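Asker:
Protein chains: 2
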Amino acid sequence: MELSDYATHSVKVSGRAIMATLNNETRERRETGTLGKLMVLLDMVAYADGPLRFTDIAAASGQPRGTLHRQLVHLVEEGLLELDADGRYSTGLRLLELASRSWARNELRLVAERYLRELQDLTGETVHLGVIRGASVIYLDKVEGRQPVRMYSQIGNASPIYCTGVGKAALSLLPDDRIDALLTEVTFQRFTPATHTHETLLAEIGEIRRNGVAFDREEHEVGIRCVAAPISSENLSFVGGISVTGPAYRLTMERLEEWAEPIRQTANRISTGIRIGLGPRP
Amino acid sequence: MELSDYATHSVKVSGRAIMATLNNETRERRETGTLGKLMVLLDMVAYADGPLRFTDIAAASGQPRGTLHRQLVHLVEEGLLELDADGRYSTGLRLLELASRSWARNELRLVAERYLRELQDLTGETVHLGVIRGASVIYLDKVEGRQPVRMYSQIGNASPIYCTGVGKAALSLLPDDRIDALLTEVTFQRFTPATHTHETLLAEIGEIRRNGVAFDREEHEVGIRCVAAPISSENLSFVGGISVTGPAYRLTMERLEEWAEPIRQTANRISTGIRIGLGPRP
DNA sequence: AAATAAGGTTCCAAATAATGGAACAATCGG
DNA sequence: CCGATTGTTCCATTATTTGGAACCTTATTT
């Protein structure tokens, strides 16, 4: 009942749209056959507001019941979905298990680890590492201060590219045509009075390119500011960034300016580390 | 080169074996068609020691090159795998993204959250929440002390059932025939001098049933002890547990005994919370 | 520099798996 | 107890996957 509108829309938008891989000149060819169909279901369940019943999924996916049934059985057998006693589907622990492996071995994360910590020590604020995927930033790691933390919370999270420090910093590395291509897919949602529009974002990109750092001036959330600097592989096969984030009352713009230089330096070190293939032991 | 032996074996063992769902009397029917084949590949990459090249995967999977090629393309298109500039495959960020959603919404975790924190406050030590999947314990959450933490590290991690407090506690809830069924799949690896064998484990299960708590007396790692208590849904459709873990020098057996009662109580509250469907707002 | 090998990719007829309509259970509400 | 709703199974049809072979492309050898 209250689950009846997990929005076919937002599923597609937040879930699948992210799929758009960055270096994909020839878009529109996600012919992944059987797997593609299953992933749509997985997305739907993952991005729903709560567990979904068979009927809900049937309605939203438009698949005939017989087909859907077998698909769900397969997903459950593989542990990608779970079916509880009340007949409701939610995502399976298998995902967590696979992601945990994936995360633990991620090369960028391993290289960046110690630098993030250094930045945290220097600033005392929360440090993030993120990567661009499609028109979103996905956070790969986070080092918080002394607080008792909800660490995982941000990791793996996907945020819009246009109102995060990491997103803007990363964008600034891309050639204009790629930026344009990316931004056509984006709908600019106004999170705060300071959130960018397409035009103001493009204007700021120029500035970011000159400075080598991007600021988030409460553009995503009121009361939250950050400084970020870009990271990339040599051929831009991936781009991302690191940022220092905190409450506006503590992070005045003056203070953020002070941190610009160390952030830029750290980002450069990470980029270099990636390029020369520094393993987990730099 | 150095990747040539990512062990077809350990892939199957650590990866797929975990799939064995608990309440599956009629095993041996993992007919998941296309999806199953792709998951084997995903597992292989996820459980390898590093990125794999096409040829490595081809050799290990035994698939003809043409077939394998298309399968990998599909996995990459869906973001489940990533192909770097050197032609090496590793797991994709899509997994992290999905798992992050999954984790954030997990009902058990949401119910348990505040209780874990309470236990952390009481003991000052690290508290874990885990669930049984096949013959492994998968950690769902972790609350650490004041240290600057590597939070994610343990979450999603799969550990053997027979040498973890949570695993043993959870086992103790199951009827003997199900325990037997589970343990036939298990090879008892000797991690420390105190690690259980099949026989000693069964012996301890009786004791755990009487006490309602399980101890890990340096059975998985020398110098690490823990107390754990079991959690379950009404019909045992899932079983798991919570534990308090720490260094042996601080966690004497006397101290662990003192915590037995609070842990038992907390575990009971969580079980009740689950059963009456307490949402995230208890 | 040419020849050879190894690593990847594309093609296509044959084999296999997915599809979806319909018939069949099970559960629910009155 | 009936009718409605929800979930499951069956099976001929349709679509996808398969795998061998031919084909590129890059390293390696002579």
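Which chain is which? The protein sequence lines are A and B, in order.
In terms of this note's numbering, the first sequence is residues 432 to 713.
In terms of this note's numbering, the second sequence is residues 432 to 713.
Even for Gly, the Cβ is constructed at its ideal location relative to N, Cα and C.
Remember, it's a predicted structure, so these values are computed and weren't measured experimentally.
#1: Only counting runs of 3 or more residues, tell me where the beta strand (DSSP E) segments fall wholly within the region 540-615 of chain B, in order along the chain.
#2: Give a yes or no on whether the minimum CB-CB distance between residue 470(B) and chain A is below 9 Å.
#3: In terms of residue numbering, what span does the beta strand (DSSP E) encompassing residue 675(A) cover?
#4: Would you check if the distance between the CB atom of residue 568(A) and the CB atom of residue 562(A) is smaller than 9 Å?
#5: What did DSSP end up calling residue 471(B) once you bin it into helix, strand or coil?
#6: Would you mind reading off the limits of the alpha helix (DSSP H) that contains residue 635(B)?
#7: I'd like to know if the region 511-522 of chain B and the region 500-512 of chain A are in contact, where contact means that at least 3 CB-CB pairs between them fall below 8 Å.
#8: For residue 658(B), which residues does DSSP report across the bridge?
#9: Considering only residues of the same chain and omitting the five flanking positions on each side of residue 677(A), which have a CB-CB separation below 6 Å?
#10: By the three-class DSSP mapping on this structure, what secondary structure does residue 513(A) have?
#11: Under a three-way DSSP split, which group does residue 522(B) fall into?
#12: Residue 716(B): buried (16+ other C-beta within 10 angstroms of its C-beta) or exposed?
#13: Of the residues 600(A), 524(A), 497(A), which one's Cα is nearest the Cα of residue 647(A)?
#14: Residue 472(A) to residue 490(A), Cα distance in whole Å?
#15: Do residue 566(A) and residue 597(A) have their C-beta atoms closer together than 9 Å?
#16: Go ahead and label residue 653(B) buried or exposed: buried means 16 or more other beta carbons lie within 10 angstroms of its beta carbon, across all protein chains shown.
#17: Which of helix, strand or coil does DSSP assign to residue 663(B)?
#18: Quick one: list the residues of chain A neighbouring residue 466(B), beta-carbon separation under 9 Å, in chain order.
#19: Alpha carbons only, please: which of 663(B), 633(B), 558(B) is nearest the one belonging to residue 604(B)?
#20: Would you decide whether residue 588(B) is buried or exposed? Buried here means 16 or more other CB atoms lie within 10 Å of its CB.
#21: On a CA-only basis, which of 546(B), 510(B), 629(B), 541(B) is nearest residue 533(A)? Give me that one, please.
#22: Check whether the Cβ of residue 488(B) lies closer than 9 Å to any Cβ atom in chain A.
#23: Could you list which residues in chain B have their beta carbon closer than 9 Å to that of residue 516(A), in chain order?
#24: How many angstroms separate the CA atom of residue 643(A) from the CA atom of residue 667(A)?
#25: Contact between the region 690-699 of chain A and the region 619-630 of chain A is defined here as three or more beta-carbon pairs at a separation below 8 Å; is this criterion met?
#26: Starting from the beta carbon of residue 562(A), find every residue of chain B whose beta carbon is closer than 9 Å, and list them in chain order.
#27: Going by other Cβ atoms of all chains shown within 10 Å of its Cβ, with 16 needed for buried, is residue 620(A) buried or exposed?
#28: Is the region 486-500 of chain A touching the region 524-531 of chain B, taking contact as three or more C-beta pairs under 8 Å?
#29: Cα separation between residue 636(A) and residue 610(A)?
#30: Straight-line CA distance for residue 689(B) to residue 602(B)?
#31: In the DSSP assignment, the alpha helix (DSSP H) including residue 693(B) goes from what residue to what residue?
#32: Taking Cβ to Cβ, would you say residue 551(B) is nearer than 9 Å to residue 558(B)?
#33: In this structure, how does DSSP classify residue 484(B) when only helix, strand and coil are distinguished?
#34: So what's residue 507(B) in DSSP terms, helix, strand or just coil?
#35: State the DSSP-derived secondary structure class of residue 651(A), mapped to helix, strand or coil.
Answerer: Inspection of the coordinates gives the following:
#1: Taking 3 residues as the minimum length, the beta strand (DSSP E) runs contained wholly in the region 540-615 of chain B are 557-564, 567-574, 589-591, in order along the chain.
#2: Residue contact with chain A for residue 470(B): present (Cβ-Cβ distance below 9 Å to some residue of chain A).
#3: Run containing residue 675(A): 670-678, per the beta strand (DSSP E) assignment.
#4: Yes, the Cβ-Cβ distance between residue 568(A) and residue 562(A) is below 9 Å.
#5: Residue state, collapsed to three classes: helix.
#6: For residue 635(B), the enclosing alpha helix (DSSP H) begins and ends at 629-642.
#7: Verdict: no, contact absent.
#8: Residue 658(B) is bridged to 646(B), 675(B).
#9: Counting only Cβ-Cβ distances below 6 Å, and skipping sequence neighbours, we find 556.
#10: DSSP places residue 513(A) within a strand segment (E or B) once states are collapsed to three.
#11: Residue 522(B) carries a strand assignment under DSSP once its states are collapsed to helix, strand and coil.
#12: Absent from the model: residue 716(B). The displayed extent of chain B is 432 to 713, so no value can be given.
#13: With distances taken between Cα atoms, residue 647(A) lies closest to 600(A).
#14: Computed Cα separation, rounded: 12 Å.
#15: For the 9 Å CB-CB criterion, residue 566(A) and residue 597(A) do not form a contact.
#16: So residue 653(B) ends up on the exposed side.
#17: Residue 663(B): strand per DSSP, three-state reduction.
#18: Chain A residues near residue 466(B): 465, 466, 469, 502, 505, 506, 508, 509, 511.
#19: Checking every option, the nearest Cα to that of residue 604(B) belongs to 663(B).
#20: It counts as buried.
#21: Nearest C-alpha to residue 533(A): 510(B).
#22: Chain A contact via Cβ: absent.
#23: Near residue 516(A) (Cβ distances below 9 Å), the residues of chain B are 664, 665, 666, 668.
#24: Computed Cα separation, rounded: 16 Å.
#25: No, because fewer than three Cβ pairs between the region 690-699 of chain A and the region 619-630 of chain A fall closer than 8 Å, the two stretches do not touch.
#26: For a Cβ distance threshold of 9 Å, residue set 524 of chain B lies close to residue 562(A), ordered along the chain.
#27: Under this definition residue 620(A) is an exposed residue.
#28: Counting C-beta pairs with one atom in each stretch, the region 486-500 of chain A and the region 524-531 of chain B have fewer than three that are closer than 8 Å, which means they do not touch.
#29: Their Cα atoms are separated by approximately 10 Å.
#30: So the two alpha carbons sit approximately 22 Å from each other.
#31: It spans 684-706 - the alpha helix (DSSP H) in which residue 693(B) sits, taken as one unbroken run.
#32: Inclusion of residue 551(B) and residue 558(B) in the CB contact set at 9 Å is warranted, their separation being smaller than that value.
#33: Strand at residue 484(B).
#34: Per DSSP, reduced to three states, the secondary structure at residue 507(B) is helical.
#35: Of the three classes helix, strand and coil, the one that applies to residue 651(A) here is coil, per DSSP.
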